[in-house]
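Data block below; observations after.
Protein chains in written order, with the numbering used here: chain B, 154 to 361; chain R, 154 to 361; chain H, 154 to 361; chain F, 154 to 361; chain Y, 154 to 361; chain W, 154 to 361; chain L, 154 to 361; chain P, 154 to 361.
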């Protein structure tokens, strides 16, 4: 069953952030709100840190679904931003797919709300077109753990790889020596336990 | 591992509601009763909304298993209704299979009580006859999460796709523009958080 | 430590529904949304069933907190409805307290969102003025179980009695013979397991 | 805050089993069904073992609430058995209170379904009449842990003592030497881990 | 991915009960003891009910692992009983494999303690020899849910089918009409909720 | 049991932040790290917002316990900061108590790590000297929920009031009209669900 | 409600270890076995560290309950050791009470198996004789969290103080300066997170 | 789907312990600290017991990640120890891979911190080079169960086998008769329930 291990490659990967909208976020209950907010912003920060082409899309943002979370809009002022007129599966929106293909990347890092629809549908569509799909499980949210587990099973069976934002960052970075400070800052900003390790380390060193 | 993504198609799908009986429901403990009732009625409403051929079946409804939940009977007054004389696997009942085949549909959306028997057995039978099977995981209930997980594993390994009623509705609908009001009403009636979003949105708009 | 057992008395009780607003409900995460919606509506139904004077109040309903849940507004068209201009503790609003005192009742059945503020503050104020306070724990929601537990402890220590909507209904009704059908309908509409018992019972009886 | 420790005394205690009916048991979801059944039968067995006067009562057993669990009926063929015509609080039934007072006991060991009504109401009534009340928490069941916790808080604040069936048995027995075999059998029949200890012990001893 | 659905066949199935020993059971913590005991005895009862050849085996039963649970020994007085002198994987014991092969059955229903060793090892060995393997997940226990999940993953990946004892019974029985009373008794004895359904049903019918 | 309700009063309250040190935080496991960090910073922000005198203290910060979390140090550059030379109960440090008494406040809002020691000990000491003590339960952390529950019970029994940071903020603020923007910003910065409500509200209003 | 805060005093405290027997430990399921073992040994180590008089007692240790855990026997070779001939409540054993009174201490630190019997009964007896009782909640175990919660409620209501072994150690030690190394070793041996802090600290310091 | 069952073979297996560092361990929250420490040390003990070649590696151990846990360093004084200068995936370190290949073993038993990076990355790399990979799930830790589950899914899909340390020990040992004492000691030292079984057994036997 063993085969090639095709890793995430920062020169061949794009990030898709799908429907992280202020209204829809009230549906997300498989994560604590503080944790989920942190995970989504960590994913945004890593996309920026690695200069990955990033594509934003929303569904009906003038209606009850609400606007894209402001932090994401601010993080990617130049990014393609597709306010879909109605397609539920973002992949059904030609502009969205065109934006992806324009990046020339074959690895798609996907996160969104809610997992079994806004993430799973485009993930399955992308797999069918031979993209490699990496689902950022902890930056994708849904109603509860039962619907999440079903969505994971469906995507995994179709060939998607399930990852955390931390694993994505590490697989892209490969070697700390590429930039110790940069990666350390990313972790310190989004992993309180790591920040504490750094604080203790720094205090000890500076104190001597 | 990637392949075709054959989506649920409202012109090619039928719904099977298996053994949602008043007595048997007392066995369901992997969902909170309020949640489970809501999920089952949401699935019924979506079946009606999309005009999907729907088939009802029960097991021994004059005995302790109890009658079909009245709401389901009322929702589908014209639907084939097979009170099985004894077959545990509904697929062993010729009338049931004939009703399915009479719809001419190849995609079966299945839910029932209890998951590892009333859902899993016909799901495995249908897969063996080359139907596509979509299990509505949150409208199917059983004794506890352990037996549910085992049932999911068995069905998934055989090729069934695990979904939530919400994912089923979205994959069938494809595009909000097909009917914003209709889908919105379905969600509002069965997702309290979504109803609240609409209430806030409407109040704000009407107030100005 | 034993003393008098002063029961809820339907001739001496009023219901306070505090800040069940469409926006604020997105903060409630110590209950599943389906369950919480059902509990709140059950409390509303019992208030109507027992003809208890009921007082509604909201906080900033034209802002992000959102409007009162429409079902509650419709359930009590004649009820005093105090849209507080800013007081966080509803008891700080003179109109609210006046409405309560106008009922002449000394037993207050209180529920609201969020528990440690909108319920606890007026509960503590009412206790200090020698009302008897009955908190409907399952129709009151908050951020998580930790903050709920702290709020319960604070209210209980001050003399509030913690109840469920079901216990409130039963303590008010006293004897099924006062109205079997009415109480049965209340339970059937809000307790799926009870509805199933009735469905099975009715089917068996009617079938013979 | 320290004071006298009045223990359960087998010469001064009676057992009240309230509304353990086949239908109502489907409402109990704060315990796994296997565990709850075992706990209730353990309490019955200990009542018989210690020859405690035991009083059974039911509510509407010809309706959807269903009959008393047959095992309890068989366990206490001679016990007072009050089928209440409608009173929700069993203490409102004169026959029930008379049966209790006829025992001459001042310590009441109470269990029932559901906790916040069928247990809490008579417990509070009994405390108000200066009985000592010991609630068997694990032989009393209700909708979920939230409503249970509220019920416990209310009863505890009024002076009830919360116990498990095992603690009740131990406090009544006082000293193993009063009957090693009898108490051992009670535990072996209702505590699988204890049964296993005995099985290993016996096997080892008999093997030598 | 769909293929044949080879069901459990009562004429082609044997049951393997591996290391349900009084000492080892103290290691089982992924199930409540009451529930686990009930599940194991339910599996034993179904094996007897369907007259399935059943094979018992133990590991070091004269040492700390303790004797086979007495109920199992009594249930199968004629069954092959292999007290393994040391092999951890029962399949490494020739006598055990010979007993299985002597049954002539190709479907093995397996349960044991602990899941990742006493169940998984022989399951993997049997699959390698082209037996069909059905793991009774709820009659197999281990240290905690984490080790259970890993064991399930390993067995499932190798082709084992994960089931509950209830699903096994239903798949073997096929049709209630083969024996309503017998199957009903099996369920009534091991599923308290089902027993309650029957009790209510019987009471209602006999009362009229 | 009812009595006076003495509310938190912003003119009579001081905040004690005890041992939130980078090393000790690795011991906190009764909260998710993202949530706990957010709660502690929310408490710091509210202390600043209400201009409450705030006192910081640490234990052995040059050793493995690590330095005070930098964010707290920065938030209160002028605050009394007592690096205790060894006293475990901060109240045993004269400088700490003097700093408290110098504020002239009688209401103490206390949080720290770990709950049963760094919070409970000074809380009990302060109560013994007739301070009113308000424990910020969600900005205090410890090893697990079991030790937390025991600590809560001990403090509550001694007269401490258990609150969340949100309840503290609301009880201090009293009326939104005192400063809508300020309180809204505090909530928006620390309650993602509330921030989303504001984002949706603002977008809707600005879009029109 | 505030009053004196009488702290644990190492010159006035004794430790009671009740029925930590190899067989009975298989009944303990409200703690993970690794955690519980660690907590009990931590309590033993602190008793030795502070030279507290310690009293051991067992119930029927030649029968299925099994011997005292060997580590405890070895830890206290000189301690009074009362193998009770049958009394369930250790306080009913005159030798046990005499041993306690012989210490001349008025503060009793109590832990045992199972919580609601072996801990609660002597705790209630000791309180009735005006001892101060400190229950070490995490070194006391029982069947499940439900029975534990009931036991805690009963003991707390009678005046017992609920603590963790860590809180006991800290309250006895008062000031790190009394012996930094000793207390640090106790924590390092029983709190892995603390051990890690020390390891990191030491490595950093020694590396420079 | 059945195929060969290639078991762990003590003559063909090596152990990789990756990044169990004092600082990084503070990130591990999917296991209780006591349990995780025990599992890691159990894995170390079994590696030594079976004389498996063992390779240690760390990441940045002079920085905040902290030193290798001292117990592991002491356990394997002669083992290859690769302090990686920056590679996140240990397999990217040539020295590490060379050390593995120098063992000549084709079965790799892998554990580390954190699971989705330090374990998953080298596991996927090793599978791609046709090693057999056995992940020790309970000696590998990460941020929470969600990220663990995703990591397991990714590794399992690529062909890794998920095991517990106990299963690894049993599959390596094959037959108790190879060394009863040795394996018994390993289990007694790391499984408290097993230690208790042995203590009871020994006491009973020695007492006669």
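Virtual Cβ for every residue (Gly too), placed ideally from N, Cα, C.
To which residues does DSSP link residue 289 of chain P through a beta bridge? BP columns for residue 289 of chain P point to P/316.
For residue 309 of chain P and residue 317 of chain Y, what's the separation of their Cα atoms in angstroms? Approximately 23 Å, taken between the alpha carbons.
Between the CA atoms of residue 257 of chain R and residue 300 of chain Y - distance to the nearest angstrom: Rounded to the nearest angstrom, the two C-alpha atoms are 45 Å apart.
Return the chain-ordered list of same chain residues with a C-beta closer than 6 Å to the C-beta of residue 265 of chain R, the five sequence neighbours on each side being excluded. For residue 265 of chain R, where only same-chain residues beyond five positions count, the Cβ hits under 6 Å are 171, 172, 271, 272, 293.
Against chain H, does residue 358 of chain R count as a neighbour if the rule is that its beta carbon must be under 8 Å from one of theirs? False, the Cβ-Cβ gap to chain H never drops below 8 Å.
Quick check: the stretch 324 to 341 of chain H against the stretch 328 to 346 of chain W, are at least 3 beta-carbon pairs closer than 8 Å? Under the Cβ criterion (8 Å, minimum of three pairs), the stretch 328 to 346 of chain W does not count as touching the stretch 324 to 341 of chain H.
Between the C-alpha atoms of residue 319 of chain L and residue 354 of chain B, what's the straight-line distance to the nearest angstrom? Rounded to whole angstroms, residue 319 of chain L and residue 354 of chain B show a C-alpha spacing of 26 Å.
Could you round the C-beta distance between residue 352 of chain L and residue 289 of chain P to whole angstroms and report it? I think they count as a contact, below 8 Å. Their Cβ separation, rounded to whole angstroms, is 22 Å, which puts residue 352 of chain L and residue 289 of chain P out of contact at 8 Å.
Backbone CA spacing between residue 279 of chain F and residue 305 of chain W [nearest angstrom]: Note on geometry: alpha-carbon atoms of residue 279 of chain F and residue 305 of chain W lie some 30 Å from one another.
Residue from F/179, F/190, F/205, F/252 with nearest C-alpha to residue 162 of chain F: For the set F/179, F/190, F/205, F/252, the Cα lying nearest the Cα of residue 162 of chain F is the one of F/205.
Pop quiz: residue 182 of chain H and residue 296 of chain H are said to be a contact at Cβ under 8 Å. What is the actual Cβ separation, rounded to whole angstroms? About 6 Å separates the two Cβ atoms, so the contact holds.
Indicate whether at least one CB of chain W lies closer than 8 Å to the CB of residue 188 of chain B. Using a Cβ-Cβ cut-off of 8 Å, residue 188 of chain B counts as an interface residue toward chain W, since at least one Cβ of chain W sits closer than that to its own.
Straight-line gap, residue 323 of chain F to residue 241 of chain L (C-alpha atoms, nearest Å): Distance between the alpha carbons of residue 323 of chain F and residue 241 of chain L: 7 Å.
What is the residue span of the beta strand (DSSP E) that residue 234 of chain B lies within? In the DSSP annotation of this structure, the continuous segment of the beta strand (DSSP E) that includes residue 234 of chain B starts and ends at 234 to 237.
Strictly below 8 Å CB to CB, what residues from chain H border residue 191 of chain R? Near residue 191 of chain R (Cβ distances below 8 Å), the residues of chain H are 187.
Backbone secondary structure at residue 187 of chain F - three-state DSSP: In this structure, residue 187 of chain F counts as helix in the three-state DSSP scheme.
Evaluate residue 187 of chain Y with the Cβ neighbour count: other Cβ atoms within 10 Å of its Cβ, from every protein chain shown; 16 or more gives buried, anything less gives exposed. Classification for residue 187 of chain Y: buried.
In chain H, what lies closer than 8 Å to residue 300 of chain W by C-beta? Those do not exist, as residue 300 of chain W stays about 14 Å from chain H at its closest Cβ, beyond 8 Å.
Which residues in the same chain have their Cβ closer than 6 Å to the Cβ of residue 157 of chain Y, if we skip the five residues on either side of it in sequence? Closer than 6 Å at Cβ, skipping near neighbours: no residue.
State the CB to CB distance for the pair residue 313 of chain W and residue 276 of chain W, rounded to an integer number of angstroms; the pair is presumed to be in contact (CB under 8 Å). The beta-carbon distance between residue 313 of chain W and residue 276 of chain W, rounded to whole angstroms, is 5 Å. This is short enough to meet the 8 Å contact definition.
Selection from H/218, H/286, H/209, H/329 that minimises the alpha carbon distance to residue 243 of chain F: The shortest C-alpha separation from residue 243 of chain F is found at H/329.
Pull up the distance between the alpha-carbon of residue 321 of chain F and that of residue 233 of chain F, whole angstroms please. Their Cα atoms are separated by approximately 22 Å.
Reduced DSSP category for residue 155 of chain B - H, G, I as helix; E, B as strand; rest coil: Caution is warranted here: a pLDDT of 48 is assigned to residue 155 of chain B, below 50, making its placement in the model unreliable, and no coordinate value can be reported.
Put residue 256 of chain H into one of helix, strand or coil per three-state DSSP. Three-state DSSP puts residue 256 of chain H in a helix.
Would you mind stating whether residue 287 of chain P and residue 263 of chain P have Cβ atoms separated by less than 8 Å? Residue 263 of chain P sits close to residue 287 of chain P, with the two beta carbons spaced by under 8 Å.
Within chain Y, partners of residue 291 of chain P - CB distance below 7 Å: In chain order: 299, 300.
With 16 other CB atoms within 10 Å as the buried threshold, where does residue 334 of chain F fall? Label assigned to residue 334 of chain F: exposed.
Ignore the nearest five residues each way along the sequence and tell me which others in residue 235 of chain B's own chain have a CB closer than 8 Å to its CB. So the list reads 208, 209, 210, 211, 243, 246, 248, 249, 252, once near-sequence residues are dropped.
Starting from the beta carbon of residue 260 of chain H, find every residue of chain F whose beta carbon is closer than 9 Å, and list them in chain order. Chain F residues near residue 260 of chain H: none, gap ~14 Å exceeds 9 Å.
Using a C-beta cutoff of 8 Å, does residue 198 of chain L count as contacting chain P? Taking Cβ atoms only, chain P never reaches closer than 8 Å to residue 198 of chain L, which makes this a no.
Using a cut-off of 7 Å between C-beta atoms, extract the partners of residue 202 of chain P located in chain Y. Within 7 Å Cβ-Cβ: nothing; residue 202 of chain P doesn't reach chain Y, min ~15 Å.
Report the rounded CA-to-CA distance for residue 190 of chain H versus residue 184 of chain H, giving the unit in angstroms. Residue 190 of chain H and residue 184 of chain H: Cα-Cα distance of roughly 9 Å.
Tell whether a beta-carbon distance below 8 Å holds between residue 174 of chain W and residue 220 of chain W. The Cβ atoms of residue 174 of chain W and residue 220 of chain W lie closer than 8 Å to each other.
Measure how close the beta-carbons of residue 197 of chain B and residue 225 of chain B come, nearest whole angstrom, since I'm counting them as under 8 Å. About 6 Å; that satisfies the 8 Å criterion.
Measuring alpha carbon to alpha carbon, tell me which of P/291, P/267, P/177, P/165 ends up nearest residue 217 of chain P. Of P/291, P/267, P/177, P/165, the residue nearest in Cα terms is P/177.
For residue 179 of chain P, count neighbouring Cβ atoms within 10 angstroms of its own Cβ and tell me buried if that reaches 16, exposed if not. Within a 10 Å sphere around the beta-carbon of residue 179 of chain P sit 16 or more other beta-carbons, which makes this residue buried.
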